[in-house]
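Beneath this line is the structure, given in structure tokens, with notes to follow.
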Amino acid sequence: MKKLFLLTVILFGLQSLKAQETFFPTKEGMVLIYKSFDKKDKLSGMMKYTIEKVNISGNNIDFTYLCESLDNKEKLVFKEEITVHQKGDVMYIDMGNFLNKAAFQQEGTIPATVEVKGNNMEIPLNPSPGQTLPDANIEMAMKMGFVNMKMSAAVTNRKVEDIEDISVSGGTFKCYKFSGNVNTVAMGIKVQAKTVEWFAKGIGTVKTESYDKKGELTGRTELVEIR
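First residue of the sequence shown: 1, per UniProt numbering; consecutive thereafter.
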């Protein structure tokens, strides 16, 4: 009887998870590999995401994954553990992805003295083309001895552009196309850009393109492998 009850609970959890059609992988141990290219289409780095834990509580889900940033020679630049939250029909994405956190690293990890404040980026599970989305921002600061470092990023004018089939090295996916204006400040230097992202349900980010304020492509990142 206990085994039957346990099986029922597991099946119910899986059916509930499937019905939610989350924008993130739900299989623990799953690995997604991304490659980034500069405006000349030259490889500039890689990202490796490993799903470590998926915790389901009713309609809420926490996805904990290991994020590893590699240079173009596949040497580790930094790594960190990140948790993506899904509450009801909205996902909350870490805004730290818009900052060059390698600048804060010490021997490949983010130092514990870094202070972070801001809000997460919201992604609805059932977006509609033309829909506007809330702004998001983040600020990071580190004080180490006499050295003070600050970085910030804000994404504004966010909206759902379209639903498209996107083909990348990692496969072909039905994607929701999101766009937004990105303003970053690092070491007093301000950069204005536009970002376009394609998200697929069950996968997450499939492709990202960045443009400068003149509308010229400055770089792209795409999914190249799923393990």
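Beta carbons: idealized from backbone N, C-alpha and C, even for Gly.
Who are the Cβ neighbours of Leu70 in its own chain at under 8 Å, not counting the five residues just before and after it? Gly45, Met46, Met47, Lys48, Leu76, Val77
Return the bridge partner residues of Gln86 from the DSSP annotation. Ile61, Met91
Given 8 Å as the limit, is there contact between the region 26-34 and the region 204-224, that is, 3 or more CB pairs closer than that? Enough Cβ pairs lie closer than 8 Å, so yes.
Can you tell which of Leu125, Ala136, Met149 has its C-alpha closest to the C-alpha of Ile189? Met149
Less than 9 Å separating the beta-carbons of Phe63 and Ala200? no
Terminal residues of the beta strand (DSSP E) in which Arg220 lies: 217-226
Mind checking which residues open and close the beta strand (DSSP E) that includes Asp212? 204-212
Beta carbon of Glu209 nearer than 9 Å to that of Val191: no
What number of angstroms, rounded off, separates the C-alpha of Asp94 from the C-alpha of Glu28? 19 Å
Using C-beta distances below 6 Å, list every residue in its chain close to Trp198, excluding the 5 sequence neighbours before and after it, in chain order. Ile166, Cys175, Lys177, Val206, Lys207
Segment limits, beta strand (DSSP E) that includes Glu21: Run containing Glu21: none; DSSP gives neither H nor E here.
Quick one: what does DSSP say Ser128 is sitting in, helix, strand or coil? coil
One or two residues paired with Ser185 in a DSSP bridge: Reading off the sequence, residue 185 comes out as Val, not Ser. According to DSSP, which records beta bridges pairwise, Val185 is partnered with Ser152, Lys190.
List the DSSP bridge partners of Leu43. Phe37
Closest by CA to Ala141, which one among Gly219, Asn157, Thr50, Glu115? Glu115
Residues in the same chain with beta-carbon distance under 6 Å from Lys194, minus the five sequence neighbours each way, listed in chain order, please. Same-chain partners within the cutoff: Asn181, Tyr211.
Please report the distance separating the alpha-carbon of Asp38 from that of Gly215. 15 Å
Where Asn72 falls: helix, strand or coil (DSSP): coil
If you draw a straight line from the alpha carbon of Val54 to that of Gly202, how long is it in whole angstroms? 13 Å
Can you check which of these residues, Pro134, Gly171, Phe173, Ser152, is closest to residue 242 by C-alpha distance? For residue 242 there is no data in the structure shown, the boundaries of the chain being 1 and 227.
Leaving aside the five residues before and after Met91 along the sequence, list all residues of the same chain whose C-beta is less than 6 Å from its C-beta, in chain order. Phe23, Ile123
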